[in-house]
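Engineer: Below you'll find the structure I mean.
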Ligand code: HEA
Ligand code: HEA
Ligand code: CUA
Ligand SMILES: [Cu+2]
């Protein structure tokens, strides 16, 4: 099955991940103080996505799971993005 | 004979997480459309939210996610005692989050800002929509937080009794995955509701 | 071990071996075969209710004007008819019954991955159906929104919409858990040697179905919750009076409910793909093409939802984008039809009832699907949208397709389920009545639809009278056929069935009829050069 | 020539799609039946196993693909002009309300039927205050939803004089199937004369205007006929049996009773009716308007 090599993430990694996430949180907050109008949303979402990526890879252990799991996650997110895009094909062209 | 398949169990959990992602996905879609329709009003309404409480809650949730992740490491290394402490820390974080939310919602409801209230009816459509979404999204998120909290409590008891151990800890992993999902959703909720003013 | 087993064959799953006896033994069983049968019994009850409601509608429509009851009742009738048929019959349908009964055996597993979760989904199903039905008797009376619950009407009407919506929500949850269970089962529990591309095609279709169940159902879940919130809390996502957008509701509803039609049809196609090779004694023609077309239908089918909304005031861009995508999804269906027919070429065909129903399926599905094409095209849709034409289209596919596949599946696996045969002659007669009644009932609806007869109409203009009356007679023939079928299947016990009455090749025909509790005495395996359909 | 400028295009699209479909339906069914007979077990006891053929698979992917794209094309071509309104089209506002249609012409004149001049482009601006309806003229092959809170529209050129049905196709409640009217296509001169003869917008009593505006008249007539519920004619001052909290009592229709009937109709349900048919109009009809309604009801005693 799992060719026995259970991957143990060291505590240190988790702490670093936490620090990174906290740092990114403060980046978002400061960025939104500066008013960049529409860009603000974009930047905030990009940062949130980066944070999400980190949570998925490290906390949720995707990095060490079989590639099937990564394919699935990618597929699900891709479908969701397409759903949004197709819905906006209505709202943006009204 | 109970047949055991840890990867299968984890796969099941992931698939469940996908459904949760799409459940919230539906809400995020509504948010996106409404923001597109009422961008100015959303802008104004977001000012009414307390970004400070939101930030604290973000920090608390990230912290709790890290402790859950570390508790897995602890169990893998055979240190159940540390794992229990870490899980307990997670639950404390969850409680802090809930208390904060209680004050946040309580304050709004106190000044009469809730769906269907008289004050709400005087606001513009876009603002009403923002608050409707705010209550619905954070409410649903909180519901998941409570469910996650219950799961982790059970897990903690099992770690404590040794039913979860170095040789068998997929339940802990799955509980953790669920908890991270709750965190993941907040990561997107927080800027969308509190920050983008 | 092995020696012992050959002497004492294991008892069949129909024999109570556990702690409980009788009914309790069934209600607490986590055996996938028993759960499958329980789904079937429950479903037949709901189905019968739905059928009666349908016939009651037809009686009222026999003449224009009010005959025996008023419009409020009619509106309640088609709503309940739609809710029962869609949410409790065809969506769980073949996946819940035969997915549970046959799929684990076909892939060489002892059970599904999470047997207890499986039983839990069954109870959720019963609970959800009960809640949906209770809407009839509580509060302000039967909901009258149609099964689509379109806002803002569903927010404003005073009937008991919340119960119906919540019932649908619970049913959705049950469906998600079943899908989850099947995905894990098919990933983790296939027999040694059975790669994905050696899996039989019914499991393949269930695999594609399961992904839709898991990925589309949550969207309708949250949408239904929003409807409840609107009714209770004055949260106005879809209510224009509060700044909401009713068209957004339609998007969200169909993001699920279009893929849901593929949740219904894919397992049906899977069943047909099993039946044809068995009765033609021929390897499935185009195995890979059929397997991949299931995935193609599932994935492209996710993105065509707005073809239900061409007249809703969407942007022109969205209209043509969705029309184009709709046409793309028709192609994989065509591939399947071509491959089925080619599988019959140079076969050795025995015309047993399951095969007869499979032929009926192909014919009716083609009509349903092809009229779907005229609905997918923009100009023609605008004319026939929300008319009897649509009613005819979906009955042809949902009932002519899924329903006939269901009959075919029952006739096919019945010997395996009960270890008994049934009377072929009676079965053939039931086909004759069902098939002719069906066409007489729904074909006139195409014609009056094109003439301009709107759907959900309690009363109609005189020019549609003839069509409506033909439909009534069709319904009568159908009910006769249905009764004949029930008698064939459930009245008297037939002779004992052999393990492999049809000469099938998939694993379920290698185990005793009825199968033992853990399905296999010796776990099956597929050799390197062996496929699932190796007929000599 | 079709009844409207769209009729021919739509019918052509139908013909193309049905033609292709029929060809396949008949062809596939025939082949299938032939196989069933020719390779019946009696005639053909031993099946021949045949290898998959990729060329064949690709052929029957490509050909249907081309054919469906052709169908898409015909559908698109016949449809796209439906969304492009020519300049100078006569604007008419359509008001869809549970369960009546009202057509408002330039100058605010209103009529319950749609009258349009021959060979002139007409634009219908669709408007609803309650729920979604859909305006459908089968003979013209057009249909578009009337969505509250949204400005949807449709247009057409009527090409043949005559009377055609108008129907509502989105389910909109109790009397959805009665929400129908006619469109009359007349010559330009006749149209002008008709429009002129149409009475100016209401010198009707205010109360009646309010009743019409809220579509009360969809259920309550003002001339004594019974629609869904009792007529308003002669209502005021009558004594009635009503169910209050499950017990029957007799009341006299007075100001107070009418007010509760409008704001909370389920409180006193007139005997013989179900609860919940009439929705509460609290917040929709104002107190002021109720007074005017009562005044009007008194006047048609
Ligand atoms: C099992 C259920 C099921 C299935 C599989 C389908 C399949 C399809 N449906 Fe249907 N549909 C419904 C159930 C289903 N539908 C229901 C319930 C509704 C009404 C909902 C409501 O409003 O209440 C509906 C409504 C509906 C509409 C909206 C109608 C309206 O309200 O205006 C449309 C529009 O595009 C549509 C299109 C299609 C198409 C293009 C397919 C295609 O997938 C069909 C593909 C199949 C074929 C094309 C036949 C096989 C092919 C050949 C034999 C080869 C030859 C063909 C070619 C050369 C192309 N359907
Ligand atoms: C599975 C789906 C299904 C089935 C089987 C049926 C069966 C029937 N339906 Fe339909 N129908 C719908 C799904 C279905 N329906 C839906 C979704 C709507 C839309 C609702 C809405 O508008 O919101 C609708 C709407 C609808 C209308 C239109 C209402 C309107 O728009 O005004 C009418 C009109 O008469 C009608 C009639 C009938 C009749 C007479 C039958 C039958 O009674 C015919 C008789 C059938 C039989 C006698 C037996 C057949 C047996 C089987 C198929 C299965 C056997 C199964 C087991 C043994 C387990 N139905
Ligand atoms: Cu108005 Cu239906
Ligand atoms: Cu569809």
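Chains as they are written, first to last, in our numbering: chain F, 223 to 316; chain Z, 40 to 236; chain X, 22 to 557; chain P, 722 to 1022. Note that CB positions come from ideal geometry on N, CA and C, so glycine has one too. Note that the structure is a prediction, hence the values are computed from the model and not measured.
#1: Okay, do the region 258-266 of chain X and the region 207-217 of chain X touch, 3+ Cβ pairs below 8 Å being the bar?
#2: Would you report the Cα separation of residue 907/P and residue 68/X, rounded to the nearest angstrom?
#3: Which term fits residue 543/X, buried or exposed, when burial requires 16 or more other beta carbons within 10 angstroms of its beta carbon?
#4: Check whether chain X comes within 8 Å of residue 58/Z, counting only Cβ atoms and requiring the distance to be less than that.
#5: Using the three-state DSSP reduction, which class does residue 835/P fall into: helix, strand or coil?
#6: For residue 327/X and residue 65/Z, I'd like the C-alpha separation in whole angstroms.
#7: Can you confirm whether residue 447/X, when its beta carbon is compared against all beta carbons of chain F, has any partner nearer than 8 Å?
#8: What's the gap between the Cα of residue 55/Z and the Cα of residue 165/Z?
#9: In angstroms with no decimal places, state the Cα-to-Cα distance between residue 1007/P and residue 850/P.
#10: Given a cut-off of 8 Å, decide if residue 176/Z and residue 234/Z are closer than it, judged by their beta-carbon atoms.
#11: Might you give, ordered along the chain, the residues of its own chain that have their beta carbon closer than 8 Å to the beta carbon of residue 766/P, omitting 5 neighbours on each side?
#12: Give a yes or no on whether 8 Å exceeds the smallest Cβ distance from residue 252/X to chain Z.
#13: With the cut-off set at 8 Å, would you say residue 276/X and residue 234/X are in Cβ contact?
#14: When you compare only the Cα positions, how much space is there between residue 474/X and residue 99/X?
#15: Where does residue 968/P sit, in a helix, a strand or coil, going by DSSP?
#16: Here's a check: name, in chain order, each residue in its chain whose Cβ is nearer than 7 Å to the Cβ of residue 1020/P, leaving out the five neighbours to either side.
#17: According to DSSP, is residue 199/Z helix, strand or coil?
#18: Could you please go through the chain and list the residues whose beta-carbon is closer than 6 Å to any non-hydrogen atom of ligand 4?
#19: Using a threshold of 7 Å, is the CB atom of residue 415/X nearer than that to any non-hydrogen atom of ligand 1?
#20: When burial is assigned at 16 or more other CB atoms within 10 Å of the CB, is residue 726/P buried or exposed?
#21: If the cut is a Cβ gap below 9 Å, which residues of chain A does residue 72/Z touch?
#22: Between the Cα of residue 241/X and those of 85/X, 151/X, 280/X, spot the shortest distance and give me the residue it belongs to.
#23: What are the boundary residues of the alpha helix (DSSP H) that residue 357/X is part of?
#24: At what residues does the alpha helix (DSSP H) containing residue 796/P begin and finish?
#25: From residue 219/X to residue 341/X, what does the alpha carbon distance come to, in whole angstroms?
#26: In chain P, which residues lie with their C-beta within 7 Å of the C-beta of residue 303/X?
#27: If distances are taken between C-alpha atoms only, which option among 86/Z, 153/Z, 190/Z comes closest to residue 230/Z?
#28: For residue 1023/P, collect the residues of the same chain with a Cβ closer than 6 Å to its Cβ; drop the 5 residues on either side in sequence, then sort them by chain order.
#29: Give, in chain order, every residue of the region 214-229 of chain X whose Cβ lies closer than 8 Å to some Cβ of chain Z.
#30: Output needed for residue 265/F: all residues of its chain with C-beta closer than 6 Å, excluding positions within five of it in sequence on either side, in chain order.
#31: Closest Cβ-Cβ distance between residue 76/Z and chain X: below 8 Å?
#32: Can you confirm whether residue 242/X, when its beta carbon is compared against all beta carbons of chain Z, has any partner nearer than 8 Å?
#33: Does at least one heavy atom of ligand 3 sit under 7 Å from the Cβ of residue 302/F?
#34: If you compare alpha carbons, which of 517/X, 282/X, 547/X is closest to residue 535/X?
#35: Quick check on DSSP: helix, strand or coil for residue 842/P?
#36: Name the residue from 44/Z, 105/Z, 74/Z whose alpha carbon lies nearest to the alpha carbon of residue 234/F.
Structural biologist: Let me lay it out:
#1: Because the criterion of three Cβ pairs below 8 Å is not met, the region 258-266 of chain X and the region 207-217 of chain X do not touch.
#2: Rounded to whole angstroms, residue 907/P to residue 68/X spans 51 Å at the Cα level.
#3: Classification of residue 543/X: exposed, given that the 10 Å Cβ count is below 16.
#4: True, the Cβ-Cβ gap to chain X drops below 8 Å.
#5: The DSSP-derived three-state label of residue 835/P is strand.
#6: Here the alpha carbon of residue 327/X sits roughly 16 Å from the alpha carbon of residue 65/Z.
#7: Put simply, the CB of residue 447/X is far from chain F, with every gap to its CB atoms at 8 Å or more.
#8: Their backbone Cα atoms lie some 33 Å apart in a straight line.
#9: Near 16 Å, if we compare the C-alpha coordinates of residue 850/P and residue 1007/P.
#10: In this structure, residue 176/Z does not lie closer than 8 Å to residue 234/Z by Cβ.
#11: Excluding the 5 residues flanking it on each side, residue 766/P has no same chain C-beta neighbour closer than 8 Å.
#12: Not one chain Z Cβ lies under 8 Å of residue 252/X.
#13: Going by C-beta atoms, residue 276/X is not nearer than 8 Å to residue 234/X.
#14: Cα-Cα distance, rounded: 16 Å.
#15: DSSP, read as helix, strand or coil, puts residue 968/P in strand.
#16: Within the same chain, and ignoring the five residues on either side of residue 1020/P in sequence, the residues whose Cβ sits closer than 7 Å to its Cβ are 926.
#17: Looking at residue 199/Z - three-state DSSP - the assignment turns out to be helix.
#18: One residue list follows from the rule of a beta carbon closer than 6 Å to any heavy atom of ligand 4, given in chain order as 279/X, 282/X, 328/X, 329/X.
#19: Result yes, Cβ under 7 Å from ligand 1.
#20: By the C-beta density criterion, residue 726/P is buried, having at least 16 other C-beta atoms within 10 angstroms.
#21: The structure shown contains no chain A; its protein chains are F, Z, X and P.
#22: Taking only the C-alpha atoms, the option nearest residue 241/X is 280/X.
#23: Residue 357/X -> alpha helix (DSSP H) spans 337-365.
#24: 775-800 is the extent of the alpha helix (DSSP H) around residue 796/P.
#25: Rounded to whole angstroms, the gap between the alpha carbons of residue 219/X and residue 341/X is 39 Å.
#26: Using a Cβ-Cβ cut-off of 7 Å, residue 303/X is close to 768, 770 of chain P, given in chain order.
#27: The residue with the shortest Cα to Cα distance from residue 230/Z is 86/Z.
#28: Outside the modelled stretch of chain P, which goes from 722 to 1022, sits residue 1023/P, for which no answer is possible.
#29: Per Cβ criterion, the list is empty.
#30: Excluding sequence neighbours, residue 265/F sits near 253.
#31: Cβ-Cβ to chain X under 8 Å: yes for residue 76/Z.
#32: Yes, residue 242/X lies at the interface with chain Z (some Cβ there is under 8 Å from its Cβ).
#33: Answer for residue 302/F: no, Cβ out of range of ligand 3.
#34: For residue 535/X, the closest alpha carbon among the candidates 517/X, 282/X, 547/X is that of 517/X.
#35: Assignment of residue 842/P by DSSP, reduced to helix, strand and coil, places it in the strand class.
#36: It is 105/Z whose Cα lies nearest to the Cα of residue 234/F.
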